[in-house]
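To keep things clear, I will list the structure first and then write my remarks on it.
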Amino acid sequence: MSTRSVRILLASGAFLAGLVLCFAVVLLVGGRVSTPTVSQVAAIGGPFRLTDQDGRTVTDQDLKGRPFLVFFGFTHCPDICPTTLFEVSEIFRALGPDADKVRALFITVDPERDDTKALKDYLSSFDPHLSGLTGEPDAVAAVAKSYRVYFKKVPLSDGGYTMDHTAIIYLMNKEGRFVAPFSLKRSTDAAIADLRKYL
Ligand SMILES: [Cu+2]
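With our numbering, you'll find the sequence shown wraps up at 242, consecutive numbering, no jumps.
Encoded structure:
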């Protein structure tokens, strides 16, 4: 096995462990794990106004007409975020021309460090269809809340900090309504077949 596949395996392992952790967090925060009811589904997502990595304002209205993926993270994330961005980039590559009909939003939960420039630098390693969004801490917190995303600053012994955060990818339809969590634990073909249903 090549070093690269070992690295990817390790990264996916960390990603899965992170997902399990995130679901555990959701369980703790939400107090239960169940299939979302219709009212809960309707309550995921909502209006927002943030700024992308090129300094452009992006609102929920700009996304109308195309399905999109949304996930929350931060550029200093050691494993879950880079793995997710890598895998979503693979999906966009596999979509070919249809990639222009889908959007993916990476919304920072660390606006203190993730300004537009930090997002631009970070996203330059990934597929150009990815938008990195940031904003005032209050605006970011409000969007995270509307997606029921948990995040928390965790101090590190070196004086810095990291962020705990929910790692669910949300699939939203053309009307901006939540469809389902978007799983990356399947082949790229299966993932893009799922996305194409909402084009
Ligand atoms: Cu992360």
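Just so you know, even glycine gets a beta-carbon here, dropped at the ideal spot from N, CA and C.
- Listed in chain order, the beta strand (DSSP E) elements of length 3 or more contained wholly in the region 150-235 are 173-176, 194-198, 204-208, 213-215 and 221-224.
- For Thr126, the enclosing alpha helix (DSSP H) covers residues Ile123 to Leu138.
- Contact annotation: Thr102 and Arg92 have beta-carbon atoms nearer than 8 Å.
- Per DSSP, reduced to three states, the secondary structure at Ala147 is strand.
- The Cβ neighbour count for Gly178, taken over all protein chains shown within 10 Å, is at least 16; the residue is labelled buried.
- When secondary structure is reduced to three states using DSSP, Arg109 falls in the coil class, being assigned neither helix nor strand.
- Leaving aside the five residues that flank Phe221 on each side, the residues in its chain whose CB is nearer than 7 Å to its CB run, in chain order, Val84, Ile87, Gly88, Tyr213 and Met215.
- The region 198-211 makes no contact with the region 162-181; the number of CB pairs closer than 8 Å stays below 3.
- Thr102: member of the beta strand (DSSP E) spanning Thr100 to Thr102, first to last residue.
- Within the same chain, and ignoring the five residues on either side of Gly175 in sequence, the residues whose Cβ sits closer than 6 Å to its Cβ are Gln96, Phe149, Leu162 and Leu166.
- Residue pairing by DSSP places Gly116 opposite Thr151 in a beta bridge.
- Distances between the C-beta of Gly175 and the heavy atoms of ligand 1 are all 7 Å or more.
- In its chain, beyond the 5 residues on either side, Met206, Asp207 and His208 have a beta carbon closer than 8 Å to the beta carbon of Lys195.
- In this structure Gly116 is buried. Its beta-carbon is surrounded by 16 or more other beta-carbon atoms within 10 angstroms.
- Between Pro125 and Asp143, the alpha-carbon positions lie close to 22 Å from each other.
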